[in-house]
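Q: Final position of the sequence shown in UniProt numbering is 122; the numbers increase by one with none missing.
Backbone N, C-alpha and C define an ideal beta-carbon position, used for all residues, glycine too.
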Amino acid sequence: MLYAILCYHDEDFVGSWSKDQDEAVMKKLAVVQDKLTSQGRLGPVARLLPTTAAATLRKEDPPLVLDGPYAETKEQLLGFYIVDCKNLDEALDVARDLGAANPGGAYEVRPVGVFRPGGISA
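1. What is the DSSP secondary structure of G99, reduced to helix, strand or coil?
2. The alpha helix (DSSP H) spanning E75 covers which residue range?
3. Ignore the nearest five residues each way along the sequence and tell me which others in V45's own chain have a CB closer than 8 Å to its CB.
4. Thinking C-alpha only, which one of D84, T51, Q21, L57 is nearest E75?
5. Less than 9 Å separating the beta-carbons of Y3 and A106?
6. To which residues of the same chain is A55 closer than 8 Å at the C-beta, ignoring the five residues directly before and after it?
7. Flag this pair as yes or no: are the beta carbons of G40 and D84 separated by less than 9 Å?
8. At what residues does the beta strand (DSSP E) containing L2 begin and finish?
9. In the DSSP assignment, what residue or residues form a beta bridge with R110?
10. Can you list, in chain order, the residues of its chain whose CB lies under 6 Å from that of R58, leaving out five sequence neighbours each side?
11. I think A101 touches V25, with their Cβ atoms under 8 Å apart; what is that distance to the nearest whole Å?
Structure, rendered in structure tokens:
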């Protein structure tokens, strides 16, 4: 089963890291990613650009486009992983490994239903 591990953190805090601090965290995360890759369990990974580069489409009539994200939260979605795990417990173990490499924030773990024209498979 595929699981999405959504990475939330305080964007201003992460953005305040020096280049060296950021590279140190990315190096720790690479260890987890390399392990998952060698096991054939790592799917797409994305580090999102800052929310200042975002736009939101509000589904109104007519649709309304807003600059930036439309979330009133202290933490922002900064990226995600797609991992192949046997069950939720295994996916949570991966999230724990990621959390040990990049402390702070939160990881939301959700099963992924893959959309294919004509149906959905899990």
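A: So, from the data block:
1. Here residue 99 refers to the residue found at position 99 when the sequence shown is read from its first residue. DSSP, reduced to helix, strand and coil, places G99 within a helical segment of the structure shown.
2. Translated into the one-based positions of the sequence shown, residue 75 becomes position 75. For E75, there is no enclosing alpha helix (DSSP H), as DSSP marks it with neither H nor E.
3. The sequence position of residue 45 within the sequence shown is 45, counting from 1. Excluding residues within five positions, the ones whose Cβ falls inside 8 Å are Q33, G79, F80, Y81, I82.
4. Translated into positions along the sequence shown, residue 75 becomes position 75. Among D84, T51, Q21, L57, the Cα nearest to that of E75 belongs to T51.
5. Here the question's residue 3 lines up with position 3 in the sequence shown. Here the question's residue 106 lines up with position 106 in the sequence shown. No, the pair does not count as a contact, with Cβ atoms beyond the cut-off.
6. Indexing the sequence shown from 1 puts residue 55 at position 55. Cβ-Cβ distances below 8 Å link A55 to V65, L66, D67, G68 in the same chain, with the five nearest sequence neighbours on each side left out; the list follows chain order.
7. Reading the sequence shown from its first residue, position 40 is the one you call residue 40. Reading the sequence shown from its first residue, position 84 is the one you call residue 84. Against a cut-off of 9 Å, the Cβ pair of D84 and G40 comes out as a contact.
8. As a working mapping, residue 2 is identified with position 2 in the sequence shown. From DSSP, the beta strand (DSSP E) with L2 extends over 2-9.
9. Locating residue 110 in the sequence shown gives position 110, where the first residue counts as 1. In the DSSP secondary-structure assignment, R110 is bridged to A4.
10. The count along the sequence shown starts at 1 and reaches residue 58 at position 58. The residues L64, in chain order, have a CB closer than 6 Å to that of R58 in the same chain once the five nearest residues on each side in sequence are set aside.
11. Within the sequence shown, the letter at position 101 stands for residue 101. Within the sequence shown, the letter at position 25 stands for residue 25. Yes, A101 and V25 are in contact; Cβ-Cβ is about 7 Å, under 8 Å.
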